[in-house]
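Accompanying notes for the structure given below.
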Amino acid sequence: MHVFLEKVASLPSTPAGGSVAALNAASAAALAEMASRLTADKMEDGALAKELKGMAEVFHSYRVKFTDAIDEDAKVFSEVLSAYKLAADSAENRKIRDEKIQESYKKAVIVPIKLAEDIWAMMQLIKMQHHHIGDSYITDSAQAYMLAEAALKSLLYHIKSNLMYIRDKEFTEKIEEVLEQFG
Numbered sequence: 007m008h009v010f011l012e013k014v015a016s017l018p019s020t021p022a023g024g025s026v027a028a029l030n031a032a033s034a035a036a037l038a039e040m041a042s043r044l045t046a047d048k049m050e051d052g053a054l055a056k057e058l059k060g061m062a063e064v065f066h067s068y069r070v071k072f073t074d075a076i077d078e079d080a081k082v083f084s085e086v087l088s089a090y091k092l093a094a095d096s097a098e099n100r101k102i103r104d105e106k107i108q109e110s111y112k113k114a115v116i117v118p119i120k121l122a123e124d125i126w127a128m129m130q131l132i133k134m135q136h137h138h139i140g141d142s143y144i145t146d147s148a149q150a151y152m153l154a155e156a157a158l159k160s161l162l163y164h165i166k167s168n169l170m171y172i173r174d175k176e177f178t179e180k181i182e183e184v185l186e187q188f189g
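To get this note's numbering, take the position in the sequence shown, counting from 1, and add 6.
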């Protein structure tokens, strides 16, 4: 964790905001997983315990996916930074550089969009979970939701910021339609 945060705090600019949002989402999934598992272990209602254990497995899957997204987001934004470093000393090189910049910004939007969709889905599951969590773990469930919400808001901001650099109107309109589902 120390190494990751040291990388965030230093140059170059990856990992950065998207990776931190993925870390928040992974932390949210871990808390929700713990709350589901520990509550299920203490339950007398077998059907509800089984449901919570199933939720714990889903939260585990999200945790793994979001942990992987930390590096994936850094990788795609690294491609943006690399594209800007390409030679622009001739018309042909400027064209190649511009195409690479556009291509890399699209990737830098697609990765967090997928992540945002998964976070949104996880938040709905946390809401369901919250109604069944024992008193001992209710704050963990609430904190999981708040971390997920912060991760989602951060990603939406980053996506909108990156969209400003993309000239492909059809692509940006499709992404903006997807963003509407988040309110």
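From the three backbone atoms N, C-alpha and C, an ideal C-beta is built for every residue, glycine too.
These numbers were taken from a predicted model, which means no experiment stands behind them.
- Message: Check for me: the alpha helix (DSSP H) holding Leu52 runs from which residue to which?
- Response: Here residue 52 is Gly; the residue named in the question, Leu, does not match the sequence. It spans Gly52 to Tyr90 - the alpha helix (DSSP H) in which Gly52 sits, taken as one unbroken run.
- [ ] Would you kindly report the start and end of the unbroken alpha helix (DSSP H) that includes His164?
- [x] Ile144 to Leu169
Review point. If you check the beta carbons only, do Leu54 and Gln135 fall under 9 angstroms apart?
Key: no
- prompt: Should the segment 146-164 be regarded as contacting the segment 30-43, the criterion being three or more beta carbon pairs within less than 8 angstroms?
  reply: yes
Taking 9 angstroms as the threshold (C-beta atoms), are Ser147 and Gly23 in contact? no
For Val82, does the count of other Cβ atoms within 10 angstroms reach 16, so buried, or fall short, so exposed? buried
Open item on the list: Using only CA atoms, which one of Ala150, Asp124 and Tyr171 lies nearest to Val184?
Closed with: Taking only the C-alpha atoms, the option nearest Val184 is Asp124.
How is the alpha helix (DSSP H) around Gln108 delimited, first residue to last? Ala97 to His136
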